[in-house]
Amino acid sequence: MPIRPPPPTSDRPYHITARCNNQEWFHLPLEQTWRIFETVLAEVSEDYEANVIAFVLMSNHYHLLLQTPRANIGQIMNRIQTNSSCRISSAAGRTNHLYGGPYKGCLITSEQYLANVYKYTYRNPIAVGLSSKVEAYPFSTLQSALGQKRLTFPVRDDIATRWSHIPSSNQERLNWLNTAHEPKVADLIKKGLRRRIFTPPRMTRKESLLFRAAPSRKKGGTPFLLGVEEVGQEEVGQDDGDRAAYHRFGGGLAYAAAARFRLESRAGGEHRDQNAKD
Numbered sequence: 138m139p140i141r142p143p144p145p146t147s148d149r150p151y152h153i154t155a156r157c158n159n160q161e162w163f164h165l166p167l168e169q170t171w172r173i174f175e176t177v178l179a180e181v182s183e184d185y186e187a188n189v190i191a192f193v194l195m196s197n198h199y200h201l202l203l204q205t206p207r208a209n210i211g212q213i214m215n216r217i218q219t220n221s222s223c224r225i226s227s228a229a230g231r232t233n234h235l236y237g238g239p240y241k242g243c244l245i246t247s248e249q250y251l252a253n254v255y256k257y258t259y260r261n262p263i264a265v266g267l268s269s270k271v272e273a274y275p276f277s278t279l280q281s282a283l284g285q286k287r288l289t290f291p292v293r294d295d296i297a298t299r300w301s302h303i304p305s306s307n308q309e310r311l312n313w314l315n316t317a318h319e320p321k322v323a324d325l326i327k328k329g330l331r332r333r334i335f336t337p338p339r340m341t342r343k344e345s346l347l348f349r350a351a352p353s354r355k356k357g358g359t360p361f362l363l364g365v366e367e368v369g370q371e372e373v374g375q376d377d378g379d380r381a382a383y384h385r386f387g388g389g390l391a392y393a394a395a396a397r398f399r400l401e402s403r404a405g406g407e408h409r410d411q412n413a414k415d
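Just so you know, we're using the numbering used here here: the sequence shown kicks off at 138 and counts up by one.
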């Protein structure tokens, strides 16, 4: 069954991943592969106004956090997949296709989810044993996001820090990123990213409390993490879409936001969360 792409939107970010055919490694050294991707990401940033929030290149796949102000996710990903595949295969002297299938895209609909996915993306090299610290892995945009390295394309890390409560200071950010997710949380994130719109599986109350996302901006104390809060039906509001989403997903404002976006997208509309405006 073909993979359905995520719905187009101009304000919410996406998590994108694509894996090499048969899970083989890229057929070039990672340094050379990184330079090719850097060129391709610079092209889509300029030609399609793509906002690259984060990018991590692994041995046989990549993770990309992306925002599309023109709501043109299809154009952008067609350019990235085609050009990266052609250039890597050409440089490696190969003729077969590079990727094992279409890219997998997931729309991120809430600030809690974005913080979780942001952390999951940058921690990927640690999770598979390629690095002991997020800042030590050379094939990611984190060093550029921290102002320590210049790339050929702009890294729009400010979108993530504005839209969610990701720590803005470098040291707090690194402390947070280098603190592992609870194993259950990491599994929930991985499962949530398999969907077109990020929605973790139905969680027990204990799992909901474990599903922690964004550090507090409270001054003078150790940053703590916010979870998907349990809310009462009266807190959902009077909107029929919110109430329907609440009952469909068993509670939680984040679930309501995700379901409402899905319903409105099917009707041809585009969800605009007024509370997320700058």
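Beta carbons are placed, not taken as given, at the ideal position from N, Cα and C, and that holds for glycine.
On a predicted model such as this, the values are computed, not experimentally measured, just so you know.
Sequence-distant residues of its chain with Cβ nearer than 8 Å to N261 (five each side left out) | If we look at N261 and ignore the five residues flanking it on each side, its Cβ neighbours are V193, M195, H200.
Secondary structure of Q169, DSSP reduced to three states = Helix, per DSSP.
With a cut-off of 8 Å on the beta carbons, I'd call P206 and E175 a contact; round off their distance for me.
-> Taking C-beta atoms under 8 Å as the contact rule, P206 and E175 fail to qualify, at a distance of about 21 Å.
Quick one: what's Q249 bridged to in DSSP?
-> Its beta-bridge partners do not exist; DSSP assigns none.
Where F174 falls: helix, strand or coil (DSSP) = Shown here, F174 sits in a helix according to DSSP, grouped into three states.
Which residues in the same chain have their Cβ closer than 7 Å to the Cβ of A351, if we skip the five residues on either side of it in sequence?
-> Low local confidence applies: a pLDDT of 38 at A351 is under 50, so the model's placement there is unreliable, with the coordinate-based value given in what follows. Excluding positions up to five away in sequence, the list reads E248, Q249, A252, S301, H302, I303, L362, L363.
Backbone secondary structure at L194 - three-state DSSP = For L194, the three-state secondary structure derived from DSSP is strand.
DSSP state of L203 mapped onto helix, strand, coil | Look at L203 here: in three-state DSSP terms it is strand.
When burial is assigned at 16 or more other CB atoms within 10 Å of the CB, is H234 buried or exposed?
-> H234 is exposed by the Cβ-count criterion.
Residues sharing a beta bridge with T289, DSSP | For T289, which the question treats as bridged, DSSP gives no partner whatsoever.
Supposed contact pair C223 and Y151 - C-beta distance, whole angstroms, cut 8 Å = About 23 Å; that fails the 8 Å criterion.
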